[in-house]
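As they're listed, the protein sequences go chains C and P. Going by my numbering, the first sequence opens with residue 26, and the numbers climb by one from there. Going by my numbering, the second sequence opens with residue 287, and the numbers climb by one from there. Read the structure below first, then the notes.
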Amino acid sequence: MSIPLLETRALSRHYPGGVRALDEVDLRIGKGEFVAIVGRSGSGKSTFLNIVGGLDAPSGGSVSIHGRMLDYSDRRALIAFRRQMVGFVFQQFNLIPSLTASENVEYPLLFNYRPPAERQEKARQLLAMVGLGDRASHYPGQLSGGEQQRVAIARALVADSPLILADEPTGNLDSQTSEGIFSLLQRLNRERQVTLLVVTHERELASYADRTVEMRDGRVVA
Amino acid sequence: MNSRLAEFFQLAVRQLFRRKFRVILTIAGIAIGVAALVGTVALGEGIRTQAVDAIRTQSDLTLIEALPGAQGNILQLVTPTRAAAAGALPGVKASAPVVRGTFATRGQTYVQVVGVPADGLEDVLHPTYLRGSGFLSGSNEVVLGAALGEKLQRYEGVRIGDPLILIRRSYDAQGRPFDEETTVIPVGVMEERGDAFDQVLLMDLDLAIGLGEGESGYSGLLIRAEGPDRVFSVAEGVRGIGLSPRGSFEQIEAVNRMMDMVVIFLGIFAGLSLLVGGLMIASTMITSVYERTREIGIAMAVGASEGDVMEMILAECAVLGFIGGMAGDLLGVLFATVLNALGGPFLASRFGDAFAGLLDTEIALVTWPQLTAGLLLAVGLSLLAGLYPAWKASRLNPVEAIRSGR
Numbered sequence: 026m027s028i029p030l031l032e033t034r035a036l037s038r039h040y041p042g043g044v045r046a047l048d049e050v051d052l053r054i055g056k057g058e059f060v061a062i063v064g065r066s067g068s069g070k071s072t073f074l075n076i077v078g079g080l081d082a083p084s085g086g087s088v089s090i091h092g093r094m095l096d097y098s099d100r101r102a103l104i105a106f107r108r109q110m111v112g113f114v115f116q117q118f119n120l121i122p123s124l125t126a127s128e129n130v131e132y133p134l135l136f137n138y139r140p141p142a143e144r145q146e147k148a149r150q151l152l153a154m155v156g157l158g159d160r161a162s163h164y165p166g167q168l169s170g171g172e173q174q175r176v177a178i179a180r181a182l183v184a185d186s187p188l189i190l191a192d193e194p195t196g197n198l199d200s201q202t203s204e205g206i207f208s209l210l211q212r213l214n215r216e217r218q219v220t221l222l223v224v225t226h227e228r229e230l231a232s233y234a235d236r237t238v239e240m241r242d243g244r245v246v247a
Numbered sequence: 287m288n289s290r291l292a293e294f295f296q297l298a299v300r301q302l303f304r305r306k307f308r309v310i311l312t313i314a315g316i317a318i319g320v321a322a323l324v325g326t327v328a329l330g331e332g333i334r335t336q337a338v339d340a341i342r343t344q345s346d347l348t349l350i351e352a353l354p355g356a357q358g359n360i361l362q363l364v365t366p367t368r369a370a371a372a373g374a375l376p377g378v379k380a381s382a383p384v385v386r387g388t389f390a391t392r393g394q395t396y397v398q399v400v401g402v403p404a405d406g407l408e409d410v411l412h413p414t415y416l417r418g419s420g421f422l423s424g425s426n427e428v429v430l431g432a433a434l435g436e437k438l439q440r441y442e443g444v445r446i447g448d449p450l451i452l453i454r455r456s457y458d459a460q461g462r463p464f465d466e467e468t469t470v471i472p473v474g475v476m477e478e479r480g481d482a483f484d485q486v487l488l489m490d491l492d493l494a495i496g497l498g499e500g501e502s503g504y505s506g507l508l509i510r511a512e513g514p515d516r517v518f519s520v521a522e523g524v525r526g527i528g529l530s531p532r533g534s535f536e537q538i539e540a541v542n543r544m545m546d547m548v549v550i551f552l553g554i555f556a557g558l559s560l561l562v563g564g565l566m567i568a569s570t571m572i573t574s575v576y577e578r579t580r581e582i583g584i585a586m587a588v589g590a591s592e593g594d595v596m597e598m599i600l601a602e603c604a605v606l607g608f609i610g611g612m613a614g615d616l617l618g619v620l621f622a623t624v625l626n627a628l629g630g631p632f633l634a635s636r637f638g639d640a641f642a643g644l645l646d647t648e649i650a651l652v653t654w655p656q657l658t659a660g661l662l663l664a665v666g667l668s669l670l671a672g673l674y675p676a677w678k679a680s681r682l683n684p685v686e687a688i689r690s691g692r
C-alpha cells in the first residue's frame, strides 16, 4: 500500500486519574478517503479527532501525515499544520458572530497571510459551492443551523487543506438537514478529492462514508 | 502598517462595537483621565507662560550681571581677563565692567553708585531718559535711576544740572572714620526699568575708581545678550568661567522650577485618574477574553498563532486607547476653552483689578505636544493594560476553549 495520508500508531491519550480516552489506536486513512468514525459518547472519537488535528497532544504513540510524523512539542510546527493541513467542522458550527458568512469563510486565510482580494474570491466560490452564494453577507445569527454548518464546511475547505475533520457535524441538526450535510460532504469528497474524517454517532449517516471505523472505550473495534 | 495588522484593527473595531455600552464606559474612563492630564498641564503651561511673559515685559530680560563667583572655597573675582572672556561668550552682544559703592548725600539719602564706562552705559543698559541724557566719559556727570531721581528731587530738590555732593565714609589707619566729599552733576534721569537700576546713581567707571571704588577689582560685569533665547546659554557660559550670573532670567528659572513642580504634582493626580482608565481597560478586556473564549479557540483551531491572538486583543486595546485619547484631548481642549472664556472674567469679577489682566489672556494653554502626549499615553497605557488579558488569551487551550461554550 502506498503512503497513507494519515496514519496513527499506538495513539493514546490518558487523563489524570487513569482515564484512557484513547488506547493505542492504529489507523490508516488513504488520500481522498471518506471515513466515518462511529461510537458511543465517551468512546474517544472527539479526542482522536482533536489529536489528529493538532489541537490536543497525545500521551503516547504517533500521528503521521503524508508519512511525516507530527511533532507535538513544536508549537510552530503545530500552528503551521493547522493552517495548511487540516480544516475543522464542529458540532456547534463555531462561526464568529460578528463576521458575515463570507468573512467567516475567509477567516482562516487571514492567518495564512493571503491578500484580501484572493480571500474574498475564494470565499465567494466556496459559498456558491455549498449553495449559499446569496447568503454571503448574512451574519451567522441570520442563518439557519444547516446554513451555518455549510458556512463552516466552506471555512474548512478554504485553505485547501488535504484533510477535513468533522466532529459530529450534524449533532445539532434535524435529520433532513443532516442528510443534506452528509450529502454535501460526500459530494465534496468526490469532486475535490478531499480526505474526510467524520465523527458521528448516527450509523445511517455513516453510510455516506467509504469506510466506517467503530470506536469503543478508546479503541478501534471494527 | 501591514495589511494584516490593519485587518486586525478592523476586526477590533467590530468586536468592540458588539459591546457598545461597556466600551463607551471604558472609553469615558480613559477620556476623563486624558482630559484631566491635558487640562492640568494646559493650566500649568498657561500660568507659566503668563508669568514668564510678565517677567519679560516688565523687566530687562537680556541684561545679565556677572558677579564674583565661588568655586569650592575660592572666590572668583571679576578680573579683566574674566571680563574679556565673558565678553567673548557666544550670544553676548555687549559687555561692560562695573564697580559699586555706597555714598550718602547731605540730606542723608543713601545712594548706591554704579561706575560703568560711558559707552557701556549706552551699549549694555540701553537707557531711555525721562529727563536729560547720558554722561560723558571722563566727566563728573551722573545719571539717576527713576526712583532715585524722584526721591532726590522730592526730598532734596536735586534737579538736572544742579551739583550734587556725595559723601563717602572711609577709615584711617587707626580706624577713625572720615568723610570725603565729591561733587557730581546729574545730567539725566532714566525712565523706570523695573529693576535694581531704578535705585542707583550711574557714573563713569574711571570716576568711580577715582573715588576709591573697585580697589579689589571690578564689582561685576554687565552683559547684554543678543536676545531672550540666548540669555540662558550666556548665563551658563558665565557660570562656566567661574562667575555668578544674576538677572531677570533667574525669575524665569524660578517660575519654571515652581511650575514644573506644580504641573508634576497636579499631573500625578490627573495621572491617577488615567490609571483608573487603564484598569478599566484591563477589566473590560479580561471580561472580553472570558466571554470570547470559544471564539479565541476557533481562531486557534483555524490557524491563529499565540502571537496572532495577542495582536488581535492588543489591537482592541489600542483602538480603545486611541478613541479614549482622542476624546480626552477634545475634552481637554473644551475644558481649556471654557476656562479661558469664563475663568478670567470670573476671577476678575471676584478678586477685582488684580486679575483684570486675565480678561483677555489665556489661563490655560493647550499645545500640540500636550495633545500628542495625551493620545500616546492613552494608547500606551491601554496596550499595557491589555498585555495580561492578551497573554492569557494566547495561552488558552484550543480544545478547552472551544468546549467552554462561551
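Idealized CB from N, CA, C, for every residue including glycine. Bear in mind the structure is a predicted one, so any value in this text is a computation, not a measurement.
Note down the Cα distance separating residue i from residue j, rounded to an integer number of angstroms.
| i | j | result |
| --- | --- | --- |
| residue 302 of chain P | residue 169 of chain C | 25 Å |
| residue 204 of chain C | residue 241 of chain C | 25 Å |
| residue 531 of chain P | residue 379 of chain P | 16 Å |
| residue 486 of chain P | residue 401 of chain P | 10 Å |
| residue 253 of chain C | residue 159 of chain C | There is simply no residue 253 of chain C to check, as chain C begins at 26 and stops at 247 in what is shown. |
| residue 448 of chain P | residue 499 of chain P | 24 Å |
| residue 151 of chain C | residue 166 of chain C | 20 Å |
Starting from residue i, find everything on chain P with Cβ-Cβ shorter than 7 Å and list it in chain order.
| i | result |
| --- | --- |
| residue 37 of chain C | The contacting residues do not exist; residue 37 of chain C stays about 16 Å from chain P at best. |
| residue 132 of chain C | 588 |
| residue 162 of chain C | What residue 162 of chain C touches in chain P: nothing, since even the nearest Cβ is about 14 Å away. |
| residue 104 of chain C | 589, 591 |
For a contact defined as C-beta to C-beta under 8 Å, what are the partners of residue i on chain P?
| i | result |
| --- | --- |
| residue 137 of chain C | 589 |
| residue 141 of chain C | 289, 293 |
| residue 98 of chain C | Ordered by position in chain P, no residue passes the 8 Å Cβ test against residue 98 of chain C, which lies about 15 Å from the chain. |
| residue 175 of chain C | The contacting residues do not exist; residue 175 of chain C stays about 16 Å from chain P at best. |
| residue 189 of chain C | None at all; the shortest Cβ gap to chain P is about 12 Å. |
| residue 107 of chain C | 586, 587, 588, 589 |
Residues of chain P with CB closer than 9 Å to the CB of residue i, please, in chain order.
| i | result |
| --- | --- |
| residue 214 of chain C | None at all; the shortest Cβ gap to chain P is about 20 Å. |
| residue 180 of chain C | 588 |
Might you give, ordered along the chain, the residues of its own chain that have their beta carbon closer than 6 Å to the beta carbon of residue i, omitting 5 neighbours on each side?
| i | result |
| --- | --- |
| residue 109 of chain C | none |
| residue 427 of chain P | 421, 471, 473 |
| residue 89 of chain C | 32 |
| residue 671 of chain P | 564, 567, 568 |
| residue 684 of chain P | 583, 586, 587 |
| residue 451 of chain P | 392, 467, 469 |
| residue 597 of chain P | 294 |
| residue 491 of chain P | 401, 402, 403 |
| residue 12 of chain C | A question about residue 12 of chain C goes unanswered here, because the residues of chain C that appear run from 26 up to 247. |
Strictly below 8 Å CB to CB, what residues from chain C border residue i?
| i | result |
| --- | --- |
| residue 300 of chain P | 123, 124 |
Spatial neighbours of residue i within its chain, please: CB distance less than 8 Å, with the 5 preceding and 5 following residues excluded, ordered by chain position.
| i | result |
| --- | --- |
| residue 562 of chain P | 315, 319 |
| residue 245 of chain C | 50, 51, 52, 238, 239 |
| residue 364 of chain P | 352, 353, 354, 383, 503, 504, 505, 506, 507, 529 |
| residue 48 of chain C | 37, 69, 242, 243, 244 |
So, at 7 Å on beta carbons, what are the nonlocal neighbours of residue i in its own chain, with the 5 sequence-adjacent residues on each side left out?
| i | result |
| --- | --- |
| residue 75 of chain C | 81 |
| residue 157 of chain C | 126, 172, 175, 176 |
| residue 299 of chain P | 605 |
| residue 55 of chain C | 29, 30 |
Listing by chain order, which chain C residues have their CB less than 9 Å from the CB of residue i?
| i | result |
| --- | --- |
| residue 584 of chain P | 113, 115, 119, 120, 121, 132 |
| residue 580 of chain P | 117, 119 |
| residue 305 of chain P | Neighbours of residue 305 of chain P on chain C: none; closest Cβ ~10 Å, over 9 Å. |
Using 7 Å as the cut-off, classify the Cβ of residue i as near or not near the heavy atoms of the ligand PLP, replying yes or no.
| i | result |
| --- | --- |
| residue 393 of chain P | This structure does not include the ligand PLP; it has no bound ligands of any sort. |
Q: Output the residue ranges of the alpha helix (DSSP H) runs that lie fully inside the region 529-617 of chain P and measure 4 residues or longer, sorted by chain position.
A: 535-577, 579-587
(Q) To be precise: take each residue of the region 69-86 of chain C, compare its Cβ to all Cβ atoms of chain P, and keep it if any distance is under 8 Å. Which residues remain? (A) Result list: 75, 78, 80, 81.
(Q) Threshold first: 3 residues or longer. Then list the beta strand (DSSP E) segments lying entirely within the region 368-394 of chain P, N to C. (A) 378-391
Q: Please specify which runs of the alpha helix (DSSP H), each continuous and at least 4 residues long, are wholly inside the region 100-154 of chain C, giving them in chain order.
A: 100-109, 126-135, 141-154
Q) Got a sec: which bits of the region 659-687 of chain P sit with their beta carbon under 7 Å from any beta carbon on chain C, in order along the chain? A) 684, 685
(Q) Give the list of continuous alpha helix (DSSP H) stretches no shorter than 4 residues that lie fully inside the region 149-216 of chain C. (A) 170-182
Q: Please go through the region 53-102 of chain C and give each complete beta strand (DSSP E) segment of 3 or more residues, from N-terminal end onward.
A: Segments of the beta strand (DSSP E) lying fully in the region 53-102 of chain C: 59-63, 85-90.
Q) What are the complete beta strand (DSSP E) segments, minimum 3 residues, inside the region 442-472 of chain P? A) 450-457
Q | Members of the region 494-525 of chain P near chain C, C-beta cut-off 9 Å | A | none
Q: Report the residue ranges of all beta strand (DSSP E) runs contained in full by the region 493-525 of chain P; include only those spanning at least 3 residues, in chain order.
A: 506-511
Q.
What are the residues in the region 539-550 of chain P lying within 9 Å of chain C by C-beta distance?
A. Against chain C - using a Cβ distance shorter than 9 Å - the region 539-550 of chain P contributes no residues.
(Q) Against chain C, which members of the region 336-352 of chain P pass a CB distance test of less than 7 Å? (A) none
(Q) Along the region 609-627 of chain P, where does the CB come closer than 8 Å to a CB of chain C? Name the residues. (A) none
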